[in-house]
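Single-structure report; data block below.
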Amino acid sequence: MPAWLSPLRYPFAWALLSGVLLVLSFPRPHLTLLAWIALAPLFAVCIQQRARWRIFLYGYLAGAVFLAGTCSWIYEVMRIYGHLSALAAALVLLVFVVVAALFFGAVTLSLGELARRWQLHALWLAPFLWVALEWLRTYVPVGGFPWNLLGYAVAPHVGWIQPAAYTGIYGVSFLLALVNALVAALWLAPSRRRVVVLLVIALVLAGAELWTRRLPAVPTTARAILVQTNLPQQEEFDPNWVYNNASEFDRLEQLTREAALAEKEPPALVIWPEVPV
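Under the numbering used here, read the sequence shown as residues -18 to 258, first letter to last.
Right, here's the structure in full:
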(Lines of atoms letter the chains of each structure in order from A and count residues from 1; the text may use other names and numbers.)
(Lines give C-alpha, C1' and ligand atoms only; values in the text may rest on other atoms or scores of the structure.)
Protein backbone atom coordinates (compact mmCIF):
# COMPACT_ATOMS: atom_id res chain seq x y z
CA MET A 1 0.00 0.00 0.00
CA PRO A 2 1.40 3.46 -0.91
CA ALA A 3 2.33 5.51 2.15
CA TRP A 4 -0.17 8.26 1.32
CA LEU A 5 -3.02 5.71 1.42
CA SER A 6 -2.29 4.75 5.01
CA PRO A 7 -5.01 5.89 7.45
CA LEU A 8 -2.19 6.97 9.78
CA ARG A 9 -0.70 9.36 7.22
CA TYR A 10 -3.51 11.92 6.91
CA PRO A 11 -6.13 10.88 9.50
CA PHE A 12 -7.95 14.22 9.59
CA ALA A 13 -8.21 14.26 5.80
CA TRP A 14 -9.62 10.71 5.75
CA ALA A 15 -12.16 11.55 8.46
CA LEU A 16 -13.27 14.66 6.58
CA LEU A 17 -13.51 12.58 3.40
CA SER A 18 -16.05 10.34 5.13
CA GLY A 19 -18.12 13.41 5.98
CA VAL A 20 -18.00 14.62 2.37
CA LEU A 21 -18.89 11.19 0.97
CA LEU A 22 -21.88 11.01 3.31
CA VAL A 23 -23.05 14.42 2.07
CA LEU A 24 -22.76 13.27 -1.54
CA SER A 25 -24.75 10.11 -0.72
CA PHE A 26 -27.85 12.15 0.12
CA PRO A 27 -29.87 14.70 -1.88
CA ARG A 28 -29.23 16.75 -3.76
CA PRO A 29 -26.19 15.00 -5.26
CA HIS A 30 -27.67 11.66 -4.10
CA LEU A 31 -24.81 9.53 -5.38
CA THR A 32 -26.25 6.58 -3.48
CA LEU A 33 -23.48 4.11 -4.30
CA LEU A 34 -21.09 6.21 -2.21
CA ALA A 35 -23.06 5.25 0.90
CA TRP A 36 -21.51 1.77 0.67
CA ILE A 37 -17.98 3.17 1.18
CA ALA A 38 -18.52 6.56 2.85
CA LEU A 39 -17.81 5.37 6.40
CA ALA A 40 -14.85 3.16 5.49
CA PRO A 41 -12.16 5.91 5.79
CA LEU A 42 -13.51 6.96 9.18
CA PHE A 43 -13.64 3.37 10.47
CA ALA A 44 -10.12 2.68 9.21
CA VAL A 45 -8.72 5.78 10.92
CA CYS A 46 -10.36 4.97 14.25
CA ILE A 47 -9.09 1.38 14.23
CA GLN A 48 -5.51 2.58 13.72
CA GLN A 49 -5.44 5.39 16.29
CA ARG A 50 -4.88 5.09 20.04
CA ALA A 51 -5.29 8.66 21.33
CA ARG A 52 -8.88 8.85 22.58
CA TRP A 53 -9.30 12.58 21.98
CA ARG A 54 -8.17 12.17 18.38
CA ILE A 55 -10.55 9.27 17.76
CA PHE A 56 -13.43 11.30 19.15
CA LEU A 57 -12.40 14.33 17.10
CA TYR A 58 -12.28 12.35 13.86
CA GLY A 59 -15.85 11.18 14.30
CA TYR A 60 -16.96 14.60 15.45
CA LEU A 61 -15.50 16.33 12.38
CA ALA A 62 -16.99 13.78 9.98
CA GLY A 63 -20.38 14.18 11.64
CA ALA A 64 -20.16 17.98 11.59
CA VAL A 65 -19.38 18.01 7.86
CA PHE A 66 -22.20 15.56 7.15
CA LEU A 67 -24.80 17.44 9.22
CA ALA A 68 -23.80 20.88 7.95
CA GLY A 69 -23.89 19.66 4.36
CA THR A 70 -27.22 17.84 4.50
CA CYS A 71 -29.15 19.98 7.01
CA SER A 72 -28.30 23.45 5.76
CA TRP A 73 -32.04 23.90 5.18
CA ILE A 74 -32.33 24.67 8.90
CA TYR A 75 -30.90 28.10 8.15
CA GLU A 76 -33.61 28.85 5.58
CA VAL A 77 -36.36 27.59 7.88
CA MET A 78 -35.17 29.84 10.69
CA ARG A 79 -34.88 32.82 8.34
CA ILE A 80 -38.17 32.47 6.45
CA TYR A 81 -40.50 30.88 8.99
CA GLY A 82 -38.72 31.64 12.25
CA HIS A 83 -38.32 35.36 11.48
CA LEU A 84 -34.69 35.30 12.64
CA SER A 85 -31.92 37.51 11.36
CA ALA A 86 -29.26 35.98 9.11
CA LEU A 87 -26.80 35.86 12.01
CA ALA A 88 -29.28 34.29 14.44
CA ALA A 89 -30.35 31.68 11.86
CA ALA A 90 -26.72 30.80 11.20
CA LEU A 91 -26.13 30.43 14.95
CA VAL A 92 -29.09 28.04 15.23
CA LEU A 93 -27.60 25.88 12.48
CA LEU A 94 -24.18 26.06 14.17
CA VAL A 95 -25.57 25.01 17.56
CA PHE A 96 -27.44 22.12 15.93
CA VAL A 97 -24.28 20.87 14.20
CA VAL A 98 -22.15 21.29 17.34
CA VAL A 99 -24.57 19.25 19.46
CA ALA A 100 -25.64 16.58 16.93
CA ALA A 101 -22.04 15.83 15.89
CA LEU A 102 -21.40 14.57 19.43
CA PHE A 103 -23.19 11.34 18.50
CA PHE A 104 -20.67 10.67 15.73
CA GLY A 105 -17.76 11.32 18.06
CA ALA A 106 -19.29 8.90 20.57
CA VAL A 107 -19.54 6.05 18.06
CA THR A 108 -15.94 6.44 16.84
CA LEU A 109 -14.67 6.67 20.42
CA SER A 110 -16.53 3.44 21.22
CA LEU A 111 -15.04 1.77 18.15
CA GLY A 112 -11.58 2.93 19.17
CA GLU A 113 -12.03 1.45 22.64
CA LEU A 114 -13.02 -1.90 21.16
CA ALA A 115 -10.02 -1.79 18.82
CA ARG A 116 -7.71 -1.55 21.83
CA ARG A 117 -8.73 -5.08 22.75
CA TRP A 118 -9.63 -6.72 19.44
CA GLN A 119 -7.70 -4.65 16.86
CA LEU A 120 -9.05 -5.23 13.35
CA HIS A 121 -11.73 -7.63 14.60
CA ALA A 122 -13.49 -4.67 16.26
CA LEU A 123 -14.78 -3.72 12.82
CA TRP A 124 -17.33 -6.54 13.12
CA LEU A 125 -18.96 -4.54 15.90
CA ALA A 126 -18.94 -1.24 13.97
CA PRO A 127 -22.42 -1.81 12.41
CA PHE A 128 -23.92 -2.38 15.87
CA LEU A 129 -22.33 0.82 17.16
CA TRP A 130 -23.52 2.77 14.15
CA VAL A 131 -27.13 1.59 14.46
CA ALA A 132 -27.04 2.35 18.20
CA LEU A 133 -25.90 5.88 17.30
CA GLU A 134 -28.77 6.29 14.85
CA TRP A 135 -31.31 4.99 17.36
CA LEU A 136 -30.08 7.43 20.01
CA ARG A 137 -30.03 10.30 17.52
CA THR A 138 -33.63 9.48 16.64
CA TYR A 139 -34.92 9.83 20.20
CA VAL A 140 -32.38 11.87 22.19
CA PRO A 141 -32.50 14.64 23.23
CA VAL A 142 -36.13 15.79 23.47
CA GLY A 143 -37.59 13.86 20.57
CA GLY A 144 -34.31 13.50 18.72
CA PHE A 145 -33.50 14.18 15.08
CA PRO A 146 -34.13 11.14 12.82
CA TRP A 147 -33.15 12.90 9.59
CA ASN A 148 -30.69 11.33 7.14
CA LEU A 149 -30.15 7.98 8.78
CA LEU A 150 -27.69 6.02 6.66
CA GLY A 151 -30.28 3.62 5.26
CA TYR A 152 -32.24 6.46 3.68
CA ALA A 153 -29.37 7.02 1.23
CA VAL A 154 -30.39 3.91 -0.76
CA ALA A 155 -34.12 4.65 -0.71
CA PRO A 156 -34.29 5.09 -4.53
CA HIS A 157 -33.15 1.47 -4.95
CA VAL A 158 -36.30 -0.53 -4.27
CA GLY A 159 -34.45 -3.78 -3.68
CA TRP A 160 -32.04 -2.50 -1.07
CA ILE A 161 -34.72 -0.64 0.91
CA GLN A 162 -37.07 -3.63 1.13
CA PRO A 163 -35.63 -5.08 4.39
CA ALA A 164 -37.07 -2.02 6.13
CA ALA A 165 -40.46 -3.76 5.94
CA TYR A 166 -39.19 -6.12 8.64
CA THR A 167 -36.32 -4.30 10.35
CA GLY A 168 -37.21 -0.66 9.97
CA ILE A 169 -34.66 1.74 8.55
CA TYR A 170 -32.12 0.53 11.11
CA GLY A 171 -31.77 -2.81 9.34
CA VAL A 172 -30.86 -1.06 6.10
CA SER A 173 -28.40 1.17 7.96
CA PHE A 174 -26.88 -1.96 9.54
CA LEU A 175 -26.33 -3.54 6.13
CA LEU A 176 -24.64 -0.40 4.79
CA ALA A 177 -22.49 -0.01 7.91
CA LEU A 178 -21.47 -3.69 7.67
CA VAL A 179 -20.27 -3.28 4.09
CA ASN A 180 -18.43 -0.09 5.07
CA ALA A 181 -16.71 -1.95 7.91
CA LEU A 182 -15.70 -4.74 5.52
CA VAL A 183 -14.30 -2.18 3.06
CA ALA A 184 -12.26 -0.70 5.92
CA ALA A 185 -11.05 -4.21 6.77
CA LEU A 186 -10.09 -4.73 3.12
CA TRP A 187 -8.09 -1.50 3.30
CA LEU A 188 -6.23 -2.47 6.48
CA ALA A 189 -5.88 -6.24 6.17
CA PRO A 190 -2.60 -7.84 5.12
CA SER A 191 -2.37 -8.63 1.42
CA ARG A 192 -2.80 -12.37 1.97
CA ARG A 193 -6.16 -11.84 3.67
CA ARG A 194 -7.71 -9.35 1.26
CA VAL A 195 -9.08 -12.07 -0.99
CA VAL A 196 -10.98 -13.47 1.99
CA VAL A 197 -12.37 -10.04 2.87
CA LEU A 198 -13.41 -9.48 -0.74
CA LEU A 199 -15.19 -12.84 -0.70
CA VAL A 200 -17.04 -11.89 2.50
CA ILE A 201 -18.12 -8.56 0.95
CA ALA A 202 -19.38 -10.36 -2.14
CA LEU A 203 -21.28 -12.88 -0.02
CA VAL A 204 -22.90 -10.14 2.08
CA LEU A 205 -24.02 -8.18 -0.98
CA ALA A 206 -25.21 -11.27 -2.85
CA GLY A 207 -27.05 -12.57 0.19
CA ALA A 208 -28.76 -9.24 0.75
CA GLU A 209 -29.72 -9.00 -2.92
CA LEU A 210 -31.20 -12.50 -2.95
CA TRP A 211 -33.07 -11.86 0.29
CA THR A 212 -34.64 -8.65 -1.04
CA ARG A 213 -35.77 -10.47 -4.17
CA ARG A 214 -37.56 -13.07 -2.03
CA LEU A 215 -39.44 -10.56 0.10
CA PRO A 216 -43.18 -11.04 -0.48
CA ALA A 217 -45.19 -8.22 -1.94
CA VAL A 218 -47.71 -6.82 0.51
CA PRO A 219 -51.16 -6.94 -1.14
CA THR A 220 -53.35 -3.88 -0.70
CA THR A 221 -56.55 -2.51 -2.08
CA ALA A 222 -56.15 0.87 -0.44
CA ARG A 223 -55.96 3.90 -2.72
CA ALA A 224 -54.10 7.16 -2.09
CA ILE A 225 -54.30 10.40 -4.07
CA LEU A 226 -51.68 13.12 -4.28
CA VAL A 227 -52.94 16.63 -4.99
CA GLN A 228 -50.18 19.02 -5.96
CA THR A 229 -50.73 22.58 -7.17
CA ASN A 230 -48.11 25.19 -7.93
CA LEU A 231 -47.81 26.83 -4.50
CA PRO A 232 -44.64 28.79 -3.64
CA GLN A 233 -42.85 27.77 -0.44
CA GLN A 234 -40.11 30.37 -0.39
CA GLU A 235 -42.20 32.99 1.33
CA GLU A 236 -42.96 33.95 4.91
CA PHE A 237 -45.60 31.82 6.62
CA ASP A 238 -49.02 33.47 6.72
CA PRO A 239 -51.41 32.29 9.50
CA ASN A 240 -54.31 33.57 7.37
CA TRP A 241 -53.19 31.74 4.24
CA VAL A 242 -56.62 30.20 3.54
CA TYR A 243 -58.35 33.60 3.60
CA ASN A 244 -55.66 35.48 1.71
CA ASN A 245 -55.31 32.77 -0.94
CA ALA A 246 -58.95 31.76 -1.32
CA SER A 247 -58.71 31.04 -5.05
CA GLU A 248 -55.68 28.75 -4.63
CA PHE A 249 -57.42 26.91 -1.81
CA ASP A 250 -60.60 26.51 -3.87
CA ARG A 251 -58.55 25.06 -6.72
CA LEU A 252 -56.89 22.61 -4.34
CA GLU A 253 -60.25 21.53 -2.94
CA GLN A 254 -61.73 21.13 -6.43
CA LEU A 255 -58.88 18.89 -7.58
CA THR A 256 -59.19 16.83 -4.41
CA ARG A 257 -62.92 16.25 -4.92
CA GLU A 258 -62.45 15.33 -8.58
CA ALA A 259 -59.73 12.80 -7.73
CA ALA A 260 -61.68 11.36 -4.80
CA LEU A 261 -64.83 10.87 -6.86
CA ALA A 262 -63.04 9.37 -9.85
CA GLU A 263 -63.34 5.87 -8.37
CA LYS A 264 -66.18 4.06 -6.64
CA GLU A 265 -64.29 3.63 -3.38
CA PRO A 266 -63.11 6.71 -1.48
CA PRO A 267 -59.33 7.06 -1.05
CA ALA A 268 -57.73 5.86 2.17
CA LEU A 269 -55.25 8.73 2.10
CA VAL A 270 -55.20 12.23 0.61
CA ILE A 271 -51.85 14.00 0.43
CA TRP A 272 -51.72 17.81 0.20
CA PRO A 273 -48.81 20.21 -0.18
CA GLU A 274 -47.16 21.47 2.98
CA VAL A 275 -48.11 25.14 2.65
CA PRO A 276 -51.94 24.94 2.82
CA VAL A 277 -51.78 22.14 5.40
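Virtual Cβ for every residue (Gly too), placed ideally from N, Cα, C.
- Task: Answer yes or no: do Ala107 and Ala158 have a C-beta to C-beta separation smaller than 8 Å?
- Result: yes
- Touching by the beta-carbon criterion (3+ pairs, under 8 Å), the stretch 223 to 240 and the stretch 201 to 213: yes
- Query: Who are the near neighbours of Ala45 in its chain, counting only those whose CB is closer than 6 Å to its CB and skipping five residues on each side?
  - Reply: Val78 and Ala82
- Message: Let me check understanding here. Comparing Cα to Cα, which of Met59, Leu110, Ala19 and Ala243 lies closest to Leu90?
- Response: Leu110
- Query: Would you say the stretch 172 to 185 touches the stretch 112 to 120, given that touching needs at least three Cβ pairs under 8 Å?
  - Reply: no
- Message: Beta-carbon within less than 7 Å of Gly93's beta-carbon, same chain only, minus the 5 sequence neighbours each way: which residues are those?
- Response: Cys27, Gln30, Arg33 and Ile36
- Apart from the five residues on each side of it in sequence, which residues of its chain come closer than 8 Å, Cβ to Cβ, to Trp17? Leu157, Val160, Asn161 and Val164
- State the DSSP-derived secondary structure class of Ala227, mapped to helix, strand or coil. helix
- Item | Per-residue DSSP class, three states only, for Val251 | strand
- Item | Given Thr193 as reference, the closest of Asn226, Gly152 and Val223 once Cα atoms are compared | Gly152
- If you draw a straight line from the alpha carbon of Ala134 to that of Phe7, how long is it in whole angstroms? 5 Å
- Query: For Ala19, which of Leu3, His11 and Leu12 has the nearest alpha-carbon?
  - Reply: Leu3
- Between Phe85 and Ala43, which are expected to be in contact by the criterion C-beta below 8 Å, what is the C-beta distance as a whole number of angstroms? 6 Å
- Message: Three or more C-beta pairs under 8 Å: does that hold for the stretch 94 to 105 against the stretch 60 to 67?
- Response: no
- Query: Among all the DSSP beta bridges, which residues are the ones paired with Ala205?
  - Reply: Leu250
- Query: By a C-beta neighbour count over all protein chains shown, 10 Å radius and 16 as the cutoff for buried, is Leu23 buried or exposed?
  - Reply: buried
- Task: Count the other CB atoms, across all protein chains shown, that sit within 10 Å of the CB of Thr13; report buried if there are 16 or more and exposed otherwise.
- Result: buried
- Does the Cβ-Cβ distance between Gly40 and Val88 come in under 8 Å? yes
- Simplified DSSP state of Cys27, which is helix, strand or coil: helix
- Message: At the level of alpha carbons, what is the spacing between Val80 and Leu131?
- Response: 19 Å
- Message: By the three-class DSSP mapping on this structure, what secondary structure does Gln143 have?
- Response: coil
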